[in-house]
Amino acid sequence: MTITTLMKFILAKYPYSKLCHCPYPKMFSGILKGIALLILILFVRFKYTHSFLHKTTIFKTPKQCHMIIAADGQFFDKRNLLSPYEARTFSNSRFKSAFCIQNAFTSSDQDFVNEHVKNIKVLINLTPLEWNHLSQSLQQTARYWVNSSEGTVHLAGITQTLSLRLVLVGVCKLDSRISVSEDPYFADFARCINKSWILAKGPDILPFEDNEELQDYIGIFFPSCGPIQPEENPLNVILPGYETSWRVALRMFLEIRRAENQVWVDKMVSFALHPTKVQFQDNSDGISAEALLSEALRLYPPTRRIRRTFRFENGRNGAVDEDTFAADIEACHLDKSIWGTDALEYKPSRFATLTDEQKEAYMPFGSSPFLCPAKPVFGPRMIGMVVGILFFALQEVGSWRLVGRDTHSANGYVSGERLNNDRGAFDDLLLYLNTK
484 MTITTLMKFI
494 LAKYPYSKLC
504 HCPYPKMFSG
514 ILKGIALLIL
524 ILFVRFKYTH
534 SFLHKTTIFK
544 TPKQCHMIIA
554 ADGQFFDKRN
564 LLSPYEARTF
574 SNSRFKSAFC
584 IQNAFTSSDQ
594 DFVNEHVKNI
604 KVLINLTPLE
614 WNHLSQSLQQ
624 TARYWVNSSE
634 GTVHLAGITQ
644 TLSLRLVLVG
654 VCKLDSRISV
664 SEDPYFADFA
674 RCINKSWILA
684 KGPDILPFED
694 NEELQDYIGI
704 FFPSCGPIQP
714 EENPLNVILP
724 GYETSWRVAL
734 RMFLEIRRAE
744 NQVWVDKMVS
754 FALHPTKVQF
764 QDNSDGISAE
774 ALLSEALRLY
784 PPTRRIRRTF
794 RFENGRNGAV
804 DEDTFAADIE
814 ACHLDKSIWG
824 TDALEYKPSR
834 FATLTDEQKE
844 AYMPFGSSPF
854 LCPAKPVFGP
864 RMIGMVVGIL
874 FFALQEVGSW
884 RLVGRDTHSA
894 NGYVSGERLN
904 NDRGAFDDLL
914 LYLNTK
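Numbering of the sequence shown is given in my numbering, commencing with residue 484 and proceeding in unit increments.
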């Protein structure tokens, strides 16, 4: 029911002449207040739904995608009236409301963004000793999951827990010795973030102030945080690291598993146990952990589409048109005219030599001037550590197999050239363990 329809209904049922001669003034006042409140609620709902349903135009070529990400003015021979920072902020406003965050993705203040990115670079610049402590912390977590599983491990659950622990310990600097008995809280916190993220991308967003569960988990891990303020919210750091990494790690694990290539497995385990630059780039046996990671990021980009808001003068009495454009990173990464007929296959060897066209098309961490600070080191290595630790823990147990819903074969989940990249595609997968 539109607002206009509602007003017609009210006036038909309660004509103004009757309302004015109402013998009960308080009742009349109450009716008017109720009508006003209802109109306000419907108006806000209408504006929000209209915004959500606003059409997004998707572009798929590397050149177009770089221009959209930059959002720096000229596009379609028009000038964007928004600054690049405003263009990004408007497209991420839903997450600002859902998570009460103020970071480089949600602020239009260039000075604030630059300072935030500078601080993030410091946080993710781990020393060799910190990388080793991180590896040991994740090893303990993986062993805990495997040893307490009674023979069955939920694949998405352990992947999410390892990824979240890595971010909380490695970036948020929680004590790396935090007891593995707390891991159920990690798993529940991860699920809560996932649920909130899904709601934030749908029509029925749950505002942070009403999300008591999410607030409770922040309080558990950050008890000194106090009332959540956007600029001080730990989610400013947690979300960019965790939310975009665990899905890549899960699919990379499945790709290596279905390839049945022990060299690849050993390469990832070696890196996870000894997370150094030398180990990451070592290709003495024909492949490097770096190449394995690069191909996973190509086939399953952390962010499939990057959106920007554009405002253009339309030439009619100074009116302004607003459009949302999306850079389809996934399309650039899967374009067979760029990557070859095997573009949908997991083939790490392609990164031995990339053409200029492929280099331009490859942007798993965005594009200038908004490159993710985790691109050169932390991002790929954190995903690699999760994958390697997972294989390591399973090797310690003995043999294992992958099963789907109702313990049926998992072949249907991992068939085809490229795995399903939908968020919940592998929620049913379990690891069945055969202990030594």
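A virtual CB, placed ideally from N, CA and C, is assigned to each residue, including glycine.
Look up residue i in the DSSP assignment and say whether it is helix, strand or coil.
| i | result |
| --- | --- |
| residue 892 | strand |
| residue 796 | strand |
| residue 572 | helix |
| residue 900 | coil |
| residue 805 | strand |
| residue 704 | helix |
| residue 685 | coil |
| residue 533 | Because the pLDDT at residue 533 is just 44, under 50, the model does not fix this residue reliably, and the value given afterwards should be weighed accordingly. Three-state result, residue 533: helix. |
| residue 549 | helix |
| residue 588 | coil |
| residue 824 | coil |
| residue 953 | Since the first residue of the chain shown is 484 and the last is 919, residue 953 is not available in this structure. |
| residue 908 | coil |
| residue 724 | helix |
| residue 561 | strand |
| residue 770 | coil |
| residue 851 | coil |
| residue 600 | helix |
| residue 871 | helix |
| residue 541 | strand |
| residue 474 | Coverage of the chain is limited to positions 484 through 919, which leaves residue 474 absent and any answer about it impossible. |
| residue 554 | coil |
| residue 627 | helix |
| residue 610 | coil |
| residue 765 | coil |
Would you report the Cα separation of residue i and residue j, rounded to the nearest angstrom?
| i | j | result |
| --- | --- | --- |
| residue 691 | residue 581 | 5 Å |
| residue 609 | residue 566 | 33 Å |
| residue 845 | residue 545 | 8 Å |
| residue 898 | residue 738 | 10 Å |
| residue 553 | residue 803 | 21 Å |
| residue 592 | residue 570 | 12 Å |
| residue 872 | residue 748 | 10 Å |
| residue 917 | residue 883 | 6 Å |
| residue 651 | residue 797 | 47 Å |
| residue 734 | residue 782 | 9 Å |
| residue 914 | residue 881 | 12 Å |
| residue 451 | residue 598 | No statement about residue 451 is possible, as the shown extent of the chain runs from 484 to 919 and does not include it. |
| residue 547 | residue 750 | 36 Å |
| residue 672 | residue 679 | 11 Å |
| residue 839 | residue 847 | 16 Å |
| residue 576 | residue 854 | 20 Å |
| residue 740 | residue 870 | 11 Å |
| residue 624 | residue 756 | 14 Å |
| residue 1002 | residue 910 | Shown here, the chain extends from 484 to 919; a query on residue 1002 therefore has no answer. |
| residue 630 | residue 736 | 20 Å |
| residue 907 | residue 799 | 46 Å |
| residue 805 | residue 579 | 20 Å |
Which residues in the same chain as residue i place their Cβ atom closer than 8 Å to its Cβ, once the five residues preceding and following it in sequence are excluded?
| i | result |
| --- | --- |
| residue 626 | 663, 876 and 879 |
| residue 698 | 691 and 711 |
| residue 703 | 668 and 672 |
| residue 696 | 675 |
| residue 657 | 651 and 704 |
If you check the beta carbons only, do residue i and residue j fall under 7 Å apart?
| i | j | result |
| --- | --- | --- |
| residue 778 | residue 829 | yes |
| residue 927 | residue 653 | There is simply no residue 927 to check, as the chain begins at 484 and stops at 919 in what is shown. |
| residue 719 | residue 583 | no |
| residue 807 | residue 790 | yes |
| residue 669 | residue 644 | yes |
| residue 732 | residue 642 | yes |
| residue 754 | residue 774 | no |
| residue 816 | residue 784 | yes |
| residue 585 | residue 713 | yes |
| residue 786 | residue 574 | no |
| residue 632 | residue 729 | no |
| residue 688 | residue 682 | yes |
| residue 746 | residue 874 | no |
| residue 661 | residue 856 | no |
| residue 861 | residue 541 | no |
| residue 561 | residue 814 | no |
| residue 758 | residue 614 | yes |
| residue 901 | residue 827 | yes |
| residue 850 | residue 549 | yes |
By Cβ distance, which residues of its chain are closer than 6 Å to residue i, with the 5 residues on each side in sequence left out?
| i | result |
| --- | --- |
| residue 788 | 809 and 811 |
| residue 764 | 771 and 773 |
Leaving out the 5 sequence neighbours to the left and right, which residues in its chain are closer than 7 Å to residue i when beta-carbon positions are compared?
| i | result |
| --- | --- |
| residue 893 | 885, 886, 887 and 912 |
| residue 776 | 863, 866 and 867 |
| residue 834 | 774, 777 and 778 |
Could you tell me whether any Cβ in chain D is nearer than 7 Å to the Cβ of residue i?
| i | result |
| --- | --- |
| residue 584 | As a matter of chain content, chain D is missing from the structure shown, which is built from one protein chain. |
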